[in-house]
Each structure stands twice: as C-alpha cells, then as structure tokens.
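Just so you know, the sequence shown maps onto residues 459 to 970 in our numbering. Heads up, the beta-carbon is just placed ideally off N, CA and C, and yes, glycines get one too. What you are looking at is a predicted structure, and each value in this text was computed from that prediction instead of being measured.
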Amino acid sequence: MLVTHYTRSMESFDDAESLIRFHEKLLFQRAYPKNPHEVEAAEGLLSGFAEKVAELRDSGADMTPFEEPEVSGIAGTSFAAIFTYPVARWLARAHPDEVEIDWDRHARQARLGSALPRFLPLLEEDALVEAHPPYEEWIAAARGGLGWLVRQLERSGLGYQQQAEVYDSLELPLCWRLGAGPATRSQTRIPVRAIYYHDGPLLKRSDISLDAEVTAPPLPMERVPKREGEALLALARDTSAARYRELYGFTHGDPASVWRTPSERGVDIFLCGVPPERRLPLRAYHAGMMFKNGVPVGYVECLSLFERMEVGFNLYYTFREGETAWLYARLLRLFRQFAGVTCFSIDPYQIGHENEEAIESGAFWFYRKLGFRPVEPGIAKRMDAEERKLKTTPGYRTPARTLRRLAAGSMIYESPGVARGDWDRFAVRNLGLAVNRRMAEKFGGDARRMRRASGEGLALVASLIPDLARWPAADQAALARILRAKKGRDETAYLRLMQKHNRFRSALLALK
C-alpha cells in the first residue's frame, strides 16, 4: 500500500538531495491529494520528518542542501540569514529558544564596536583600541543574545526607526534551529472545514479564461476577528522567514484588517492591510497568503492607485506544478471585487528581468497566454515575432536570451470593457522624481520647506497639478476626502474615492 511504499522509500535515503525531493513530493501530495489515504500517508510521514533528518545528520551526510532558499524550512533543519530589525524582533519573541546569533558567520564584526558600548559597560576599553575584540565573549558575560540585544534597543530611549537603524547596521546573521514545530514547512497548516480531493486531472492554464474569471460574480469574503488576524499574520511571518523572505505586509500587517475568502477547490485566500502609520505615501498596500487544503502555497503583494494594481505573485517552488493559472486568475477576480481595480500590472522582475528563475520557468509566456501584453512597443513587436515562430515552427522554444529581452518592460492586463493604454506609460517613481525636481527648483532642495508648504504624500503630488486652484469646488472637496481616506480604517475606501475622481486621475496621468 501507499504508506508502506513511502516508509520503505524514506528508509533508503542516504543523502540530503533525495530526502528533500521526497519531502517536497509529500508536501505537494498533502496539498493536492487524490483521496483521504494520501492525506493520512503524507501527514504521517511529514510529522516524523525531523527524526529522518536527524538520522541523516548522524550518518555524516552533507546537510548544506537543506539551507538553500528553495527548500529551507524543513523540520529538523537549521539555516542562517540576516533579517531586518522588525523580523529579528519578531523571531526573538516568537522563537526565543530556537533563534540565536550565528557568530561563526558574522563577517562585519568591526561594526559592533560603534553600537554595543551603549549596552556593555567598559566595552570602549576594548573596542576602540584593540584589533579584534571578542564581542561574543562580551555579550555572553552579560548573559546576552538576540533577545537581550532587542530588549536593550527597546529600552535605549531611541525611537523605533533609530533602533532599526542601529540593529540593521550590525548585519547580524541569525541561526534558526527549526525543530519539529508548526513553524516548519513540514507542519505549517491552518484548520479547514473539509479537504478537497483531486479525483480528476488538475486544471491547466489552457482551461482558464482570465476574462471570464475577473468578470464572474463576487466571491464570499469576511473580515476575520482581530485575534485570528494576529494568528494568521504570525503564521505568515514564520512561513516567510523560514524561506529567507520578508514581506512588508506580513511584517507590519494590521490584524484588525484581515479578510478571508474560501475560494473553492480547497483554496483559502487571506488578505491584509497595514495600519495608517505603515502605509505608503501614494499607493494602497495589501498583501495576501494562499492556502491549499490548509497548506501555505504562496503569497501576493498588491500596490494600487486608482483602478490600477501592481501584482507581485509568488507560488512556492513545491507547488508550481499545481493549478497555478486557476489560482492566479482567482486572485485577480478577488482583487477586482475587493479593491475595485480593473487594470493589472506586472513588474519586469516578475517575468525575468534580473530573475533567472522566471526566465527558466518561462514566466513571460505564462502571463501572455493569460492575456497580459507588453507596454513597450519594441517589446510588443518582438513578442509578435516570437508568437509567429511558435505557431509555424514545430518544436520551437523561445531562447533564454530572447526571454530576457521580453522581460525588459512591464506587462498589463485590462479587464473586459476597460480602455486600453491609459496606464502604459505610468510609473509611480516618475511622480516622486517630479516632486523632487519641484523641491529643487522652488524650495532649494529643502524637504522641510516643501512639506510645510505642500503637505505630505499625495498632497505633494497634488501640488504639481498646474490648474488645481481653478478646479470646481466639488472636485477640490472630493480630493480632500481622498487625502483624508488614506489614513482611514483601510485603504479600499481610499481607492474607491479615487476611482470616482476622473479629473484627478487625468491630471495625475498627465504629470511628467
């Protein structure tokens, strides 16, 4: 039977690579099971995976493959990474017995001499004049470690941003010994009402119509209680850190602004916003995590302005042979419903610019076949030539060098019925550059003077509109409501107000 076969297979593994491959197959099976027996078999074997890793370690096998970002986070393994202060602070509190400073991998110890004396009496005697002070010994004498350092920073009287600057300047590698707990990829789950079993073929990209999906009826959606939101954000932070990742929305997410959508085929989608003090100056920010039968399978980051949303989508390596196109289409349907957006943009990195993983996976064609198009005319012309080759030349595959050229610009998808091309030349960075040119010309490069005169964030951009003072009173009042909504309960209201202000939209798109 299946369990017996798998158990024997596990006993035969004598190297890290084979055991890793087996772990990923089990995890995929747990997310995409065909029947209850496969769930039981996968869960049983994954629950004992830390023991198998320990046996492999005891055999003298090379364990470094377990530290690769593509597979890190397996039960019973450890890895080292440099995290920013917010994530290090989280790990120190959530996993105090599992996370420690990895002194053997610290390559910037000279930086410790300027930061640590404020926390360690008489350290200046050593740090200012000796060539190689034993900082680890000094911290150990104070019975210190990561948690101690975080507490010292919090008690230092420095503001949060200054605490972060001091900590980040140290570039401390942290070692996370994962053990067999729920923070491991082997064990991370959320409760589900029922398992969805795939007793038929998985949905392929060719089975999906993005146009039909984004215009389909609304999906069920509910705001979760704050306590549940805190638990989900904690899980998302752990899940990301175990993969060497940090996502702004998980690190700084607002537990009072978390929504859940049960989305058929065993998929649950959670979206979160960020509190007012963590919001971006212009774009509305949302992040999300996707679960398949309770298993985290990927995350998404969304940056929206008016009806345009930039979507950063990442499916974890293990699950990329699953129903990726269906899941992506379902996400865009949810975003249109949730935020009112109708135009979706993809950054060049997502399709392969300085991202060889996306080149190898052919990400450009994944998005193109769903209905996205390049915004740069030269890239669109090159794409047309490639599409002709693919249709007329049997066995032809786009070379990597061509994929890199195709990935040099953004791609856009406009929902059915939406005008094409309005956002093709837009880049939010250009607004920031225009503000800074005005600061140089009108305020002598003095940011304080400009902020005193014009305000913050979106108000700075509005100050660039040449005829703003001549707008009708109703349009000026509507703009004021938009500015206030940026600090409201969540940013969807901010977007909805923007989407009703055609004059402001036209003025913003005209700015250079």
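Residue state for Val-529 is assigned as coil, using DSSP reduced to three classes.
Comparing alpha-carbon positions, the option among Ala-565, Thr-542, Met-767, Tyr-775 lying closest to Leu-789 turns out to be Met-767.
Contact annotation: Ala-573 and Gly-780 have beta-carbon atoms that are not nearer than 8 Å. DSSP lists Leu-761 as the beta-bridge partner residues of Tyr-743. The continuous alpha helix (DSSP H) containing Met-956 extends over residues 950 to 957. In this structure, Arg-794 lies near Thr-800, with their beta-carbon atoms less than 8 Å apart. Taking the CA atoms as reference points, Asp-562 sits about 29 Å from Tyr-706. DSSP, reduced to helix, strand and coil, places Asp-933 within a helical segment of the structure shown. Arg-896 sits in a helix when the DSSP states are folded into three classes.
Excluding the 5 residues flanking it on each side, Ala-539 has same chain C-beta neighbours closer than 6 Å at Tyr-702, in chain order.
Rounded to whole angstroms, the separation of the alpha carbons of Ala-838 and Arg-723 is 35 Å.
Cβ-Cβ distances below 6 Å link Trp-881 to Arg-766, Cys-801 in the same chain, with the five nearest sequence neighbours on each side left out; the list follows chain order. Following the DSSP letters along the chain, one finds Trp-717 inside the beta strand (DSSP E) bounded by residues 716 to 720. With a cutoff of 8 Å on beta-carbon distance, Gly-915 and Pro-739 are scored as near each other. Under the DSSP assignment, Leu-861 falls in the alpha helix (DSSP H) whose first and last residues are 858 to 864. Ranked by how close their Cα comes to the Cα of Ala-699, the residues Pro-575, Trp-929, Gln-567, Ser-530 have Ser-530 in first place. Residue pairing by DSSP puts Trp-634 in a beta bridge opposite Phe-537, Val-557. Looking at the DSSP output, Lys-750 sits in a beta bridge with Val-725, Val-753. The residues Phe-764, in chain order, have a CB closer than 6 Å to that of Arg-963 in the same chain once the five nearest residues on each side in sequence are set aside. In this structure, DSSP gives Pro-832 an extended state, which the three-state scheme calls strand. In this model, Ala-898 and Ser-873 are separated by some 39 Å (Cα to Cα). The C-alpha of Ala-689 is placed about 17 Å away from the C-alpha of Val-755.
With respect to Phe-824, Arg-663 sits close: the two C-beta atoms are nearer than 8 Å.
For Glu-768, the enclosing beta strand (DSSP E) has its first and last residue at 766 to 773.
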